[in-house]
Amino acid sequence: MTASAPRAGVARASPGHQGVVDAWARGELSALEERSLLRRLDRLDSPQGPSVRLAGRQLLNFSSNDYLGLAFDPRLIEAGRRALAEWGSGAGASRLVVGHQGPGAALERALSDFEGCEAALVFSSGYAANVGVLSALVGEGDAVFSDALNHASVIDGCRLSRASIVRYRHGDVGHLAELLKATPARRRLVVTDTVFSMDGDLAPLRELQRLCREEGAGLMVDEAHATGVFGEGGAGLCQALEVDADVRVGTLSKALGGAGAWVAGSRALIELVLNRARSFVFSTGLPPAVCAVGEAAVTRLHEEPELRRRLWRNVEALATGLGLPATSPIFSLVVGAPQVALEASASLLRQGFLVKAIRPPTVPDGTSRLRVSVSAAHTVGDIERLVVALRSTLHEERP
Ligand SMILES: *Cc1c(COP(=O)(O)O)cnc(C)c1O
Numbered sequence: 000m001t002a003s004a005p006r007a008g009v010a011r012a013s014p015g016h017q018g019v020v021d022a023w024a025r026g027e028l029s030a031l032e033e034r035s036l037l038r039r040l041d042r043l044d045s046p047q048g049p050s051v052r053l054a055g056r057q058l059l060n061f062s063s064n065d066y067l068g069l070a071f072d073p074r075l076i077e078a079g080r081r082a083l084a085e086w087g088s089g090a091g092a093s094r095l096v097v098g099h100q101g102p103g104a105a106l107e108r109a110l111s112d113f114e115g116c117e118a119a120l121v122f123s124s125g126y127a128a129n130v131g132v133l134s135a136l137v138g139e140g141d142a143v144f145s146d147a148l149n150h151a152s153v154i155d156g157c158r159l160s161r162a163s164i165v166r167y168r169h170g171d172v173g174h175l176a177e178l179l180k181a182t183p184a185r186r187r188l189v190v191t192d193t194v195f196s197m198d199g200d201l202a203p204l205r206e207l208q209r210l211c212r213e214e215g216a217g218l219m220v221d222e223a224h225a226t227g228v229f230g231e232g233g234a235g236l237c238q239a240l241e242v243d244a245d246v247r248v249g250t251l252s253k254a255l256g257g258a259g260a261w262v263a264g265s266r267a268l269i270e271l272v273l274n275r276a277r278s279f280v281f282s283t284g285l286p287p288a289v290c291a292v293g294e295a296a297v298t299r300l301h302e303e304p305e306l307r308r309r310l311w312r313n314v315e316a317l318a319t320g321l322g323l324p325a326t327s328p329i330f331s332l333v334v335g336a337p338q339v340a341l342e343a344s345a346s347l348l349r350q351g352f353l354v355k356a357i358r359p360p361t362v363p364d365g366t367s368r369l370r371v372s373v374s375a376a377h378t379v380g381d382i383e384r385l386v387v388a389l390r391s392t393l394h395e396e397r398p
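For the sequence shown, the positions run 0 to 398 when numbering that gives the first Met the number 0 is used.
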């Protein structure tokens with residue numbers, strides 16, 4: 000973050016009031032810094048891509064979720080440019096208030112086809128989708144069963160819903176079965192990421208589906224890191240495993256290179272969410288140009304399965320280099336203490352690689368790590384260089 004001086008002519012808040020909050024902030028920040036948990040924003044001077052420019056240096060980028068290299072794709076850019084000229088820059092209001100425009104409607108049609116579902120509804124982000132959908136579906140008197148390593152937006156959605164939250168051990172279907180049997184409730188909803196964002200492992204979706212059907216529970220999945228990556232058409236891990244989850248959340252912001260997210264499922268589900276999800280009802284729709292970019296990305300996925308093949312070639316190359324399984328494009332190298340992760344990341348930066356340290360609360364205490372994400376846009380040479388650097392760096396940090 001860069002501090003900027005107050006602009007001339009702008010009145011400053013009364014110093015007394017500002018002083019109180021400023022003191023709170025300073026106290027909290029120094030506590031974070033002491034624990035090596037302070038975060039800051041780095042300014043990038045380039046588009047997203049396999050290589051990015053940071054502080055005047057070109058770095059190989061292994062920290063982005065742009066898995067297919069679509070965030071700077073000429074066809075997506077052109078679709079956005081055209082829609083921007085035709086439809087303008089903003090959506091004007093909540094879609095329920097002012098209506099939605101052509102590109103938004105076209106995107107939702109494309110997404111429901113893509114998912115093979117009756118209907119889809121677009122949200123302004125994956126965070127908003129999870130928070131809105133969960134609180135639309137369950138409430139007081141209901142129970143939501145959540146994998147211990149679910150994404151923060153799922154956790155926050157559970158909290159906001161006021162349903163009772165039952166956390167099951169990560170990926171442990173046996174534990175979930177016990178908890179389901181022991182927890183009577185009006186409605187029971189199981190929710191899981193399909194690809195876990197900080198570990199890159201996969202949810203046991205088939206077993207979860209079987210259990211939910213036996214128990215009469217609903218199943219909601221978050222495909223944020225699986226969209227564009229798994230499945231014959233790139234629709235996600237449900238598609239790859241032929242699992243039919245009741246509620247599917249996907250994002251346009253990761254492999255699809257844009258912004259926004261969607262929920263897909265039955266027509267009634269979508270209608271209920273549209274009526275009840277407060278992050279939809281009380282939030283302005285995505286700009287039409289952003290919707291047009293999303294639709295172009297879904298089209299690109301259809302037309303170019305080669306992108307996904309190239310991604311998996313790179314996943315295999317990195318897996319082989321590190322001696323790890325080729326499960327997903329996310330590789331998690333746990334080092335333990337936040338300070339160790341920061342030092343490893345700084346050392347990689349000096350060697351020309353952007354590999355960010357991931358620390359609590361994003362991951363549990365004692366599991367700070369380097370998170371490496373691979374893209375279709377990397378070359379095998381990029382990956383070989385990373386493997387050499389990671390080997391020597393982690394060897395240094397862990398004698
Ligand atoms: C990134 C992510 C989200 C949030 O999506 P945004 O579009 O970035 O808000 C939701 N769920 C999971 C699992 C994610 O990794």
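The beta carbon of each residue, even a glycine, is placed where N, CA and C say it ideally should be.
Near residue i, what residues of its chain come up, given a Cβ to Cβ distance below 8 Å and the 5 sequence neighbours on each side ignored?
{"i": "H394", "result": "none"}
{"i": "V418", "result": "Not covered by the structure: residue 418. The range shown for the chain is 0 to 398."}
{"i": "L353", "result": "V51, L53, L58, L59, N60, F61, S62, L347"}
{"i": "G380", "result": "none"}
Taking 7 Å as the cut-off, is the C-beta of residue i nearer than that to any heavy atom in ligand 1?
{"i": "A376", "result": "no"}
{"i": "D221", "result": "yes"}
{"i": "L150", "result": "For clarity, residue 150 is His in the given sequence; the question names Leu instead. Indeed, a heavy atom of ligand 1 lies less than 7 Å from the Cβ."}
{"i": "S252", "result": "yes"}
{"i": "Y66", "result": "no"}
{"i": "H454", "result": "Absent from the model: residue 454. The displayed extent of the chain is 0 to 398, so no value can be given."}
{"i": "S124", "result": "yes"}
{"i": "D404", "result": "Residue 404 is absent from the model: the chain starts at 0 and stops at 398."}
{"i": "H224", "result": "yes"}
{"i": "A84", "result": "no"}
{"i": "S35", "result": "no"}
{"i": "D192", "result": "yes"}
{"i": "A296", "result": "no"}
{"i": "N60", "result": "no"}
{"i": "N274", "result": "no"}
{"i": "A260", "result": "yes"}
{"i": "N313", "result": "no"}
{"i": "S196", "result": "yes"}
How would you write the range of the alpha helix (DSSP H) that residue i sits in, first residue to last?
{"i": "F113", "result": "101–114"}
{"i": "R185", "result": "Neither: R185 is in no alpha helix (DSSP H) and is coded neither H nor E."}
{"i": "R168", "result": "Premise fails: R168 is in no alpha helix (DSSP H) and is neither H nor E."}
{"i": "V339", "result": "337–349"}
{"i": "G131", "result": "125–136"}
{"i": "R247", "result": "Here R247 belongs to no alpha helix (DSSP H); instead the beta strand (DSSP E) covers 246–250."}
{"i": "S278", "result": "277–280"}
Enumerate in chain order the residues of its own chain whose CB-to-CB distance from residue i is below 7 Å, with the five nearest sequence positions on each side excluded.
{"i": "F71", "result": "P46, Q47, G48"}
{"i": "A105", "result": "E294"}
{"i": "M0", "result": "Residue placement at M0 is flagged as unreliable, the pLDDT there being 43, under the threshold of 50; a coordinate-derived value is accordingly withheld."}
{"i": "A7", "result": "For A7, the predicted model reports a pLDDT of 49, less than 50, meaning its position is unreliable; a value from the coordinates is still stated below. The answer is none, since no qualifying residue turns up."}
{"i": "R168", "result": "A147, H174"}
{"i": "V292", "result": "L75, A78, G79, G257"}
{"i": "V19", "result": "none"}
{"i": "S160", "result": "L133, S134, V137, G138, V143"}
Whose C-beta lies closer than 6 Å to the C-beta of residue i among residues of the same chain, with five residues either side of it excluded?
{"i": "S265", "result": "E117"}
{"i": "L83", "result": "A288"}
{"i": "A375", "result": "L67, G68, L306, R309, L310"}
{"i": "S3", "result": "Residue placement at S3 is poorly supported in this model, since its pLDDT is 48, which falls under 50; the coordinates still yield a value, given next. Closer than 6 Å at Cβ, skipping near neighbours: no residue."}
{"i": "V386", "result": "G320"}
{"i": "R187", "result": "A142, A216"}
So, residue i versus residue j, is the Cβ gap smaller than 8 Å?
{"i": "E85", "j": "A234", "result": "no"}
{"i": "T283", "j": "A90", "result": "yes"}
{"i": "V132", "j": "V246", "result": "yes"}
{"i": "H301", "j": "G232", "result": "yes"}
{"i": "A316", "j": "P324", "result": "no"}
{"i": "M219", "j": "A239", "result": "no"}
{"i": "W23", "j": "F122", "result": "no"}
{"i": "T193", "j": "A225", "result": "yes"}
{"i": "I382", "j": "R368", "result": "no"}
{"i": "L28", "j": "A296", "result": "no"}
{"i": "R125", "j": "V248", "result": "Sequence inspection shows Gly at residue 125; the Arg mentioned does not correspond to that position. Yes, they are a contact pair."}
{"i": "A343", "j": "A119", "result": "no"}
{"i": "V371", "j": "V314", "result": "no"}
{"i": "T326", "j": "L201", "result": "yes"}
{"i": "V165", "j": "N129", "result": "no"}
{"i": "E213", "j": "L236", "result": "no"}
{"i": "L251", "j": "G259", "result": "yes"}
Which residues mark the beginning and the end of the beta strand (DSSP E) in which residue i is found?
{"i": "Q57", "result": "56–60"}
{"i": "D155", "result": "Not the beta strand (DSSP E): D155 falls in the alpha helix (DSSP H), residues 151–160."}
{"i": "R42", "result": "Unbroken run through R42: none, as it is neither H nor E."}
{"i": "R432", "result": "The shown model of the chain, from 0 to 398, leaves out residue 432, and the question about it has no answer."}
{"i": "S410", "result": "No answer is possible for residue 410: it lies beyond the span of the chain, which begins at 0 and ends at 398."}
{"i": "A376", "result": "Element bounds for A376: n/a, residue is neither H nor E."}
{"i": "A119", "result": "118–122"}
{"i": "V143", "result": "142–146"}
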